[in-house]
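Since the structure comes first, as C-alpha coordinates, the remarks are kept for the end.
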Amino acid sequence: MTRLTIAFTAIIAMAEKQRGTITKLAKEYLISRTFVYMLANSLMEQSQIKFAEYCPPAFHKKASLEHILFLRLEGKCSIEAISSFLKRFGFDNSSVGYISQLLNDIGSLLPSTQIFSEGDQVKVILWIVASKRKVP
1228 MTRLTIAFTA IIAMAEKQRG TITKLAKEYL ISRTFVYMLA NSLMEQSQIK FAEYCPPAFH
1288 KKASLEHILF LRLEGKCSIE AISSFLKRFG FDNSSVGYIS QLLNDIGSLL PSTQIFSEGD
1348 QVKVILWIVA SKRKVP
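Numbering-wise, my numbering comes out as the position in the sequence shown, counting from 1, plus 1227.
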(Lines of atoms letter the chains of each structure in order from A and count residues from 1; the text may use other names and numbers.)
(Lines give C-alpha, C1' and ligand atoms only; values in the text may rest on other atoms or scores of the structure.)
Protein backbone atom coordinates (compact mmCIF):
# COMPACT_ATOMS: atom_id res chain seq x y z
CA MET A 1 0.00 0.00 0.00
CA THR A 2 1.38 3.39 -0.95
CA ARG A 3 1.34 6.53 1.17
CA LEU A 4 -1.37 7.90 -1.07
CA THR A 5 -3.55 4.87 -0.39
CA ILE A 6 -2.91 5.11 3.36
CA ALA A 7 -3.82 8.82 3.31
CA PHE A 8 -6.93 8.19 1.21
CA THR A 9 -8.04 5.33 3.49
CA ALA A 10 -7.53 7.57 6.54
CA ILE A 11 -9.57 10.41 5.00
CA ILE A 12 -12.44 8.07 4.19
CA ALA A 13 -12.31 6.61 7.70
CA MET A 14 -12.41 10.09 9.26
CA ALA A 15 -15.26 11.20 6.98
CA GLU A 16 -17.32 8.11 7.77
CA LYS A 17 -16.33 8.23 11.46
CA GLN A 18 -14.96 4.70 11.42
CA ARG A 19 -13.31 4.18 14.76
CA GLY A 20 -10.02 2.33 14.97
CA THR A 21 -9.07 2.59 11.30
CA ILE A 22 -6.20 5.01 11.87
CA THR A 23 -4.76 2.78 14.62
CA LYS A 24 -5.21 -0.27 12.39
CA LEU A 25 -3.34 1.41 9.53
CA ALA A 26 -0.56 2.52 11.87
CA LYS A 27 -0.10 -0.97 13.29
CA GLU A 28 -0.41 -2.70 9.94
CA TYR A 29 2.29 -0.58 8.28
CA LEU A 30 4.43 -0.02 11.39
CA ILE A 31 4.03 3.76 11.31
CA SER A 32 2.79 6.20 13.93
CA ARG A 33 -0.79 7.38 14.08
CA THR A 34 0.59 10.92 13.89
CA PHE A 35 2.20 10.08 10.55
CA VAL A 36 -1.09 8.65 9.25
CA TYR A 37 -2.88 11.87 10.24
CA MET A 38 -0.08 13.91 8.67
CA LEU A 39 -0.44 11.99 5.40
CA ALA A 40 -4.21 12.48 5.43
CA ASN A 41 -3.86 16.18 6.24
CA SER A 42 -1.31 16.63 3.47
CA LEU A 43 -3.55 14.88 0.94
CA MET A 44 -6.50 17.05 1.97
CA GLU A 45 -4.44 20.24 1.68
CA GLN A 46 -2.99 19.26 -1.69
CA SER A 47 -6.43 18.29 -2.99
CA GLN A 48 -7.86 21.62 -1.92
CA ILE A 49 -4.96 23.43 -3.58
CA LYS A 50 -5.18 21.45 -6.83
CA PHE A 51 -8.96 21.71 -7.17
CA ALA A 52 -9.44 25.24 -5.86
CA GLU A 53 -9.92 28.06 -8.32
CA TYR A 54 -7.48 30.28 -6.44
CA CYS A 55 -5.09 29.64 -3.61
CA PRO A 56 -3.07 32.50 -2.12
CA PRO A 57 0.69 31.92 -1.76
CA ALA A 58 0.50 32.67 1.98
CA PHE A 59 -1.30 29.33 2.46
CA HIS A 60 1.78 27.38 1.32
CA LYS A 61 4.14 29.39 3.52
CA LYS A 62 1.93 29.02 6.60
CA ALA A 63 1.54 25.29 6.00
CA SER A 64 5.28 24.75 5.61
CA LEU A 65 6.00 26.73 8.80
CA GLU A 66 3.44 24.67 10.71
CA HIS A 67 4.93 21.43 9.36
CA ILE A 68 8.48 22.50 10.22
CA LEU A 69 7.53 23.38 13.80
CA PHE A 70 5.43 20.23 14.18
CA LEU A 71 8.17 17.93 12.91
CA ARG A 72 10.88 19.61 15.00
CA LEU A 73 8.96 19.99 18.28
CA GLU A 74 6.52 17.08 18.27
CA GLY A 75 8.32 14.66 15.99
CA LYS A 76 11.80 15.55 17.29
CA CYS A 77 13.06 15.28 13.69
CA SER A 78 16.48 16.42 12.56
CA ILE A 79 16.70 19.33 10.14
CA GLU A 80 17.74 16.91 7.39
CA ALA A 81 14.67 14.73 8.06
CA ILE A 82 12.40 17.80 8.01
CA SER A 83 13.92 18.82 4.69
CA SER A 84 13.30 15.34 3.31
CA PHE A 85 9.64 15.38 4.45
CA LEU A 86 9.02 18.82 2.96
CA LYS A 87 10.62 17.83 -0.36
CA ARG A 88 8.58 14.64 -0.45
CA PHE A 89 5.33 16.58 0.00
CA GLY A 90 6.29 19.26 -2.53
CA PHE A 91 6.78 22.30 -0.26
CA ASP A 92 8.84 25.24 -1.45
CA ASN A 93 11.87 26.29 0.62
CA SER A 94 12.67 22.80 1.81
CA SER A 95 16.45 23.24 1.90
CA VAL A 96 18.39 22.41 5.06
CA GLY A 97 19.80 25.95 5.18
CA TYR A 98 16.35 27.58 4.98
CA ILE A 99 14.92 25.33 7.70
CA SER A 100 17.93 25.90 9.95
CA GLN A 101 17.74 29.68 9.52
CA LEU A 102 13.98 29.66 10.14
CA LEU A 103 14.34 27.65 13.35
CA ASN A 104 17.20 29.90 14.51
CA ASP A 105 15.09 33.00 13.83
CA ILE A 106 12.14 31.61 15.78
CA GLY A 107 14.41 30.40 18.58
CA SER A 108 16.04 33.81 18.90
CA LEU A 109 12.62 35.35 19.52
CA LEU A 110 11.96 33.03 22.46
CA PRO A 111 13.44 33.64 25.92
CA SER A 112 16.27 31.26 26.77
CA THR A 113 14.77 30.09 30.07
CA GLN A 114 11.19 30.03 31.20
CA ILE A 115 9.36 28.75 34.24
CA PHE A 116 5.69 28.08 33.60
CA SER A 117 3.02 27.13 36.04
CA GLU A 118 0.75 25.98 33.21
CA GLY A 119 1.82 23.89 30.21
CA ASP A 120 -0.52 25.66 27.78
CA GLN A 121 1.56 28.84 27.90
CA VAL A 122 4.32 27.25 25.84
CA LYS A 123 1.88 26.62 22.98
CA VAL A 124 0.63 30.20 23.18
CA ILE A 125 4.16 31.60 22.88
CA LEU A 126 5.00 29.38 19.91
CA TRP A 127 1.74 30.31 18.18
CA ILE A 128 2.37 34.01 18.67
CA VAL A 129 5.93 33.74 17.37
CA ALA A 130 4.91 31.56 14.43
CA SER A 131 1.97 33.77 13.50
CA LYS A 132 4.06 36.97 13.56
CA ARG A 133 6.96 35.46 11.62
CA LYS A 134 7.09 36.62 8.02
CA VAL A 135 8.14 33.68 5.92
CA PRO A 136 10.10 34.80 2.83
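No residue lacks a Cβ here, since even glycine has one placed at the ideal position from N, Cα and C.
Checklist entry - Per DSSP, what kind of secondary structure is residue 1334 in: helix, strand or coil? => result helix
Item to check | Touch test, the region 1292 to 1311 against the region 1319 to 1329, Cβ-Cβ under 8 Å, three pairs minimum | outcome: yes
Item to check | Sequence-distant residues of the same chain with beta carbon closer than 8 Å to residue 1304, five excluded per side | outcome: 1298 and 1312
Checklist entry - When DSSP labels each residue in this structure, what does residue 1314 get in the three-state scheme? => result helix
Checklist entry - Among the residues of its own chain, which have a CB less than 8 Å from the CB of residue 1253, if the five just before and after it don't count? => result 1259, 1260, 1262 and 1263
Next on the checklist: Measuring straight from C-alpha to C-alpha, what distance separates residue 1237 and residue 1310?
Outcome noted: 24 Å
Checklist entry - Candidates 1257, 1330 and 1318: which alpha carbon is nearest residue 1272's? => result 1318
Checklist entry - Going along the chain, which residues of its own chain have a beta-carbon closer than 7 Å to the beta-carbon of residue 1240, five neighbours each way excluded? => result 1248 and 1249
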